[in-house]
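Residue numbers (the numbering used here), protein chains in the order written: chain A, 898 to 1100; chain B, 898 to 1100.
In structure tokens form, the structure reads like this:
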């Protein structure tokens, strides 16, 4: 779920990952996690550091109007279930794939933030040697982590043992913390070389 | 442009790359190039060969209705310009990025099929060591090629010299032909090891 840390001013987002939230202007401090990442990806792109984009929200289009002398208007459409994660791209020859999630919890990250299709997609990408991870923001603590998808998958598979969340301490131990800045807003790629080493170590 | 080779039965596609075309059923022979590629990507995914997806068409959502006891309906939205190519994913550690185009021409491929943002995206991905190419279908000849993005970029930059298309002979020389089959419908990944060698040779 996207929370708006400044409180009370969030747009009524159409879906938790709707890219239309970009249409609203926020002070940097009040950016949603998605906006922070998009902003950072713009920086990485323009500096030639990496090419990473958020995928558009998948839409099933049912009815389109083509008015004369103006652009096509979609009159009826529905949100569809995505079959992948939200972000992917390329960094120095590596295929990079991640999902971004926020929680207001202070001591653990609830697994209900994920869906089976995202876990399956991570498994598929890992088997093709992709660099897969989650960006987790603890909004109440204002702390950010990159956390390897391989660890997430292990916890997901263990849900039977009534452990429905990942403890913050586990994320501190196996993830990599990074700190918001000016440019980029979220320097998450700083963690990627470390993640690549860990992923290659896991093999 | 997507053509429907069987003629006279094509859906009124909402945009040239609308993924909603999947909702229509065709005989395999009458598949659009997009459908042939999506079908092939499904095969590659289920066989564990590669994870490659078509990106959803980007939509700017303006108005959404939330009826009680039924799903949200988008009542007003507009097509947006994409900032990337249509397909990307991961194959054996390689970042793969491509665009698919058809032409009815028999002797050359018109460059007007491309947009500047696609060329720029290819340039960005190549500088990050991505494997970038175009799948070109000559519908009148029923011939399919993988063609390196690096060559496309060279021709694009030379448009001043009044050469507004790439000759079929050039595509035969620098691209790799592949032949439609049963599973996958378009075995385009057969060409990728060859493409990787050529791309690495270009460096």
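Beta carbons: idealized from backbone N, C-alpha and C, even for Gly.
No experiment lies behind these values; they were computed from the predicted model shown.
Query, Result
"Report the residue from B:945, B:1077, B:953 and B:954 whose alpha carbon sits nearest the alpha carbon of residue 1038 of chain B.", "B:1077"
"Run through chain A and tell me which residues come within less than 8 angstroms of residue 972 of chain B, C-beta to C-beta.", "972 and 973"
"Secondary structure at residue 962 of chain B, three-state DSSP: helix, strand or coil?", "strand"
"Could you tell me whether any Cβ in chain B is nearer than 8 angstroms to the Cβ of residue 984 of chain A?", "no"
"Take every Cβ of the region 954-963 of chain B, pair it with every Cβ of the region 992-1000 of chain B, and state whether three or more of those distances are shorter than 8 angstroms.", "no"
"Counting beta carbon pairs with one atom in the region 1004-1016 of chain B and one in the region 964-983 of chain A, are three or more of them shorter than 8 angstroms?", "no"
"Against chain B, with Cβ distances strictly below 8 angstroms, would residue 981 of chain A count as a contact?", "yes"
"Whose C-alpha, out of B:929, B:927 and B:935, is nearest the C-alpha of residue 1081 of chain B?", "B:935"
"Considering only C-alpha positions, which residue in the set A:1090, A:1042 and A:1029 is nearest to residue 1050 of chain A?", "A:1029"
"Going by alpha carbons, who is nearest to residue 1006 of chain B out of B:1071, B:940, B:953 and B:1064?", "B:1064"
"Would you call residue 861 of chain B buried or exposed, if buried means 16 or more other Cβ atoms sit within 10 Å of its Cβ?", "With chain B represented from 898 up to 1100, any question about residue 861 of chain B goes unanswered, as that position is not in the structure."
"Using DSSP bridges, identify the partner residues of residue 1045 of chain A.", "A:1030"
"From residue 947 of chain B to residue 1083 of chain B, what distance separates their C-alpha atoms?", "14 angstroms"
"Please list the partners that residue 932 of chain B has in chain A, where partner means a Cβ-to-Cβ separation under 8 angstroms.", "Result: empty, since nearest Cβ-Cβ is about 16 angstroms, beyond 8 angstroms."
"Quick check: what's the CA-CA separation for residue 1092 of chain A versus residue 1045 of chain A?", "7 angstroms"
"Does residue 1025 of chain A come within less than 8 angstroms of chain B when only Cβ atoms are used?", "yes"
"Is residue 1034 of chain A buried or exposed, if buried means 16 or more other CB atoms sit within 10 Å of its CB?", "buried"
"With respect to the beta strand (DSSP E) encompassing residue 1000 of chain A, which residues constitute its N-terminal and C-terminal limits?", "991-1000"
"Using a Cβ-Cβ cutoff of 9 angstroms, what residues of the region 987-1015 of chain A are near chain B? List them in chain order.", "987, 988, 989, 990, 991, 992, 993 and 994"
"Please report the distance separating the alpha-carbon of residue 971 of chain B from that of residue 984 of chain B.", "25 angstroms"
"Please list, in chain order, all residues of the same chain as residue 1069 of chain A whose beta carbon is under 8 angstroms from its beta carbon, the five residues on each side excluded.", "1042"
"Consult DSSP for residue 957 of chain A and reduce its assignment to one of helix, strand or coil.", "strand"
"Between which two residues does the beta strand (DSSP E) holding residue 1005 of chain B run?", "1005-1007"
"At which residues does the beta strand (DSSP E) containing residue 985 of chain A begin and terminate?", "984-988"
"For the beta strand (DSSP E) holding residue 1062 of chain A, just list the boundary residues, first then last.", "1062-1064"
"Of all the residues that make up the region 1038-1056 of chain B, which are near chain A by a beta-carbon distance shorter than 9 angstroms?", "none"
"Quick one: which chain B residues come within Cβ less than 8 angstroms of residue 1092 of chain A?", "Within chain B, no residue comes near residue 1092 of chain A; the closest Cβ sits about 15 angstroms away, beyond 8 angstroms."
"Determine the chain B residues that contact residue 976 of chain A at a beta-carbon separation under 8 angstroms, and present them in chain order.", "968, 969 and 971"
"Taking only three categories from DSSP, how would you classify residue 1052 of chain B?", "helix"
"Can a CB atom of chain B be found closer than 8 angstroms to the CB of residue 942 of chain A?", "yes"
"Determine the DSSP secondary structure at residue 1079 of chain B, reduced to helix, strand or coil.", "coil"
"To the nearest angstrom, how far is the alpha carbon of residue 986 of chain B from that of residue 964 of chain A?", "36 angstroms"
"Any C-beta of chain A sitting closer than 8 angstroms to the C-beta of residue 1021 of chain B?", "yes"
"By alpha-carbon positions, which one of A:929, A:943 and A:1031 ends up nearest to residue 1088 of chain A?", "A:1031"
"Name the chain B residues whose beta carbon is nearer than 9 angstroms to that of residue 945 of chain A?", "1021, 1024 and 1025"
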